[in-house]
Amino acid sequence: MIKELRALIGDDSRVVAGADIEAKFLTDTLGRLKASADALVFALTTDEVSRVMRYACENNIPVTPRGAGTNLVGSTVPLRGGIILDVSRMNRILEVDEETFTAVVEPGVVLQDFQAHVEAMGLMYPPDPGEKTATIGGNIATNAGGMRAVKYGVTRDFVRGLEVVLADGTVITAGSKNVKDASGLQLRQLFIGSEGTLCVITKCILRLVPKPETSLSVLVPFRDLRSAIRTVHAILSANANPTAVEFIERSVVELGERFTGVTFPCPEAQAYILLTFDGTAFEVRANAERVREVVMARGAIDYLPFEDPKEAAEIWKVRGCLVKAVEAVSEQEPVDLVVPINKSAEYIECVHQVEAETGMRMIAFGHAGDGNVHLCIIRGGRSDAQWKEELDRVMRSLYAKAYALGGLTSGEHGVGIAKQPYFFANSDPALLKVMRSVKTALDPKHVLNDHISYLE
Ligand SMILES: Cc1cc2nc3c(=O)[nH]c(=O)nc-3n(C[C@H](O)[C@H](O)[C@H](O)COP(=O)(O)OP(=O)(O)OC[C@H]3O[C@@H](n4cnc5c(N)ncnc54)[C@H](O)[C@@H]3O)c2cc1C
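The opening residue of the sequence shown carries number 674 in the numbering used here; numbering runs sequentially from there.
Now the structure itself:
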């Protein structure tokens, strides 16, 4: 296989043989699920991706596409061996078109580089997931969400078109720079969030917006979590258009404080809501004032605006570090389920109940404005066998409760390998069957990421 791949690529240094593949390419960012592969290929062009896919398809070789490998669900673990197809070196920003508010980029462009590039031109790419070193292709393949989803939506809302390579090597472009598109099936929507199961994304046409004139972050401490989360609906009803609405419990803030060295104000609070507003200076002031009235009328302990961007960045540093802060203390299993926004408080209470019943510690925080609850389930001193058994029991219970409230397995991280059992257990078999049919129609031999496709 290596000989053939080297002949296809024409550059031996970009085709690494199985035994020489660095461990980080055989896993995800958590590094707990691992496997081995026969080859790692670093593609530089669409044509190379196409040639590799044609070869893999003709020879029934599994392929795992890969961006930066920052996923938390094992989706880049090459469980069936074969080829890891890394597109992170396809990292050119090909065009920023200020007249149509669009950009065309290769899939390996790193999110933070792209954001900085367009912001320097007075534009903004709003999707803002926590891990800024992820690639744009990976963000699209997982339909990444993040902090600004309340106002702007998720990655899906900023993808106008995609060039993709299908499993048999065929190259197609689905979508364009146009704002509207009622021209046949919207295949790009199918590819967004498909976690490398349907295609390899090789070019991305993205939507941009003008960069907001200013932004303001506000921290609102509450005596208890229930009042904090219940206030979120009132904030969303106030027509104040917040960019982000996050909740964090005090016990979680303490972990973040220890990890970053930043001190949160009002330590007597049990929970905080952290908001941002962006827009013109006038809009931001007016919207923040509306929210101040709402939260103070609902029993907030205080309303703390951060006029100094440096101070605001420090506060956001605590929110942004939470997954890593928890990892620094203990192995943990991240959960990223989503419930309807009016069920967030009820769901967090369920989590506390499961915590009390099982003695398993859980750290909850998340995007309160969109019902996306992040949980870190803490391993502590459990033995391997005990952790495996107890974790599975707790996870089954947590996902069943989320589905009972109308929720879903993942709001933004994807299903990957790690969340498959819970996704399958809670999804309608008829729905899974349709997903499987779509997979088979586009990838009849199931060469692409079949380890995370919709098993019979
Ligand atoms: C600290 C931390 C915070 C995070 N915060 C968030 C958050 O707020 N919101 C969020 O949504 N996620 C978050 N994530 C998860 C992760 O960063 C995202 O899932 C991200 O979109 C993955 O991008 P990547 O380039 O690393 O993709 P990878 O991890 O390399 O791949 C992810 C999946 O996409 C597929 N894939 C990658 N590139 C392509 C391509 N070009 N074509 C087809 N398939 C492809 C892979 O096969 C795999 O299935 C966080 C992760 C960490 C470590």
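Heads up, the beta-carbon is just placed ideally off N, CA and C, and yes, glycines get one too.
These numbers come from a predicted model, not from an experiment.
Assigned exposure category for residue i - 16 Cβ within 10 Å defines buried
i     : result
G795  : exposed
Y768  : One detail in the question is off: residue 768 reads as Glu in this sequence, not Tyr. E768 should be labelled exposed.
P915  : buried
V922  : Checking the sequence shown, residue 922 turns out to be Glu, not Val. Classification for E922: buried.
N851  : exposed
G683  : exposed
I845  : exposed
T749  : buried
D1123 : buried
G848  : buried
T815  : buried
F955  : exposed
Pairwise C-alpha distance: residue j and residue i
i     : j     : result
G993  : M674  : 42 Å
A1154 : L1115 : Nothing about residue 1154 can be read from this structure; the chain reaches only from 674 to 1129.
L1133 : E1030 : Because the chain in this structure spans residues 674 to 1129, residue 1133 falls outside the shown range and cannot be described.
V1027 : V837  : 43 Å
V791  : Y798  : 7 Å
I734  : R679  : 16 Å
F1096 : V1088 : 7 Å
A712  : M763  : 18 Å
S924  : S723  : 50 Å
F920  : G1042 : 9 Å
V891  : Y976  : 7 Å
G929  : L995  : 6 Å
R958  : Q785  : 27 Å
L752  : V1107 : 24 Å
D685  : E677  : 11 Å
A840  : C1049 : 35 Å
E771  : A855  : 24 Å
V1120 : A901  : 47 Å
For residue j and residue i, believed in contact at Cβ under 8 Å, the rounded distance
i     : j     : result
T743  : T702  : 5 Å
L1071 : V1008 : 6 Å
V823  : A961  : About 15 Å separates the two Cβ atoms, so there is no contact after all.
C877  : V827  : Between V827 and C877 the Cβ distance is about 15 Å, and since that is not below 8 Å, they are no contact.
A729  : G755  : 7 Å
beta-carbon residue i near ligand 2 non-hydrogen atom, thresh 7 Å
i    : result
I874 : Within the structure as shown, ligand 2 is missing, the only ligands being ligand 1.
>> Using a Cβ distance threshold of 8 Å, determine whether the stretch 978-996 contacts the stretch 861-872, with at least three qualifying pairs required.
In response: no
Contiguous alpha helix (DSSP H) assignments of at least 4 residues, all confined to the stretch 997-1066: 1017-1031
Write down every uninterrupted run of the beta strand (DSSP E) in the stretch 880-945 whose length is 3 residues or greater and which is fully enclosed by it, in chain order. 887-895, 917-922
>> At 3 residues or longer, what runs of the beta strand (DSSP E) sit wholly inside the stretch 1089-1119?
In response: none
query: Contact between the stretch 704-719 and the stretch 970-981: three or more CB pairs below 8 Å?
result: no
Could you tell me which uninterrupted beta strand (DSSP E) segments, each at least 3 residues in length, are contained entirely in the stretch 696-767, listed from first to last along the chain? 712-715, 736-739, 756-759
For the structure I just gave you, are there three or more beta carbon pairs, one from the stretch 961-972 and one from the stretch 774-794, closer than 8 Å?
no
(request) Could you tell me whether the stretch 883-893 touches the stretch 940-950, where touching means 3 or more Cβ pairs closer than 8 Å? (result) yes
* Asked: What residue ranges within the stretch 936-994 form continuous beta strand (DSSP E) runs of no fewer than 3 residues, ordered along the chain?
  -> 944-952, 977-979
Original post:
For the stretch 931-945 against the stretch 1051-1062, are there 3 or more C-beta pairs whose distance is under 8 Å?
Top reply: no
In chain order, each alpha helix (DSSP H) run of at least 4 residues that lies wholly inside the stretch 775-858 | 784-792, 809-815, 822-825
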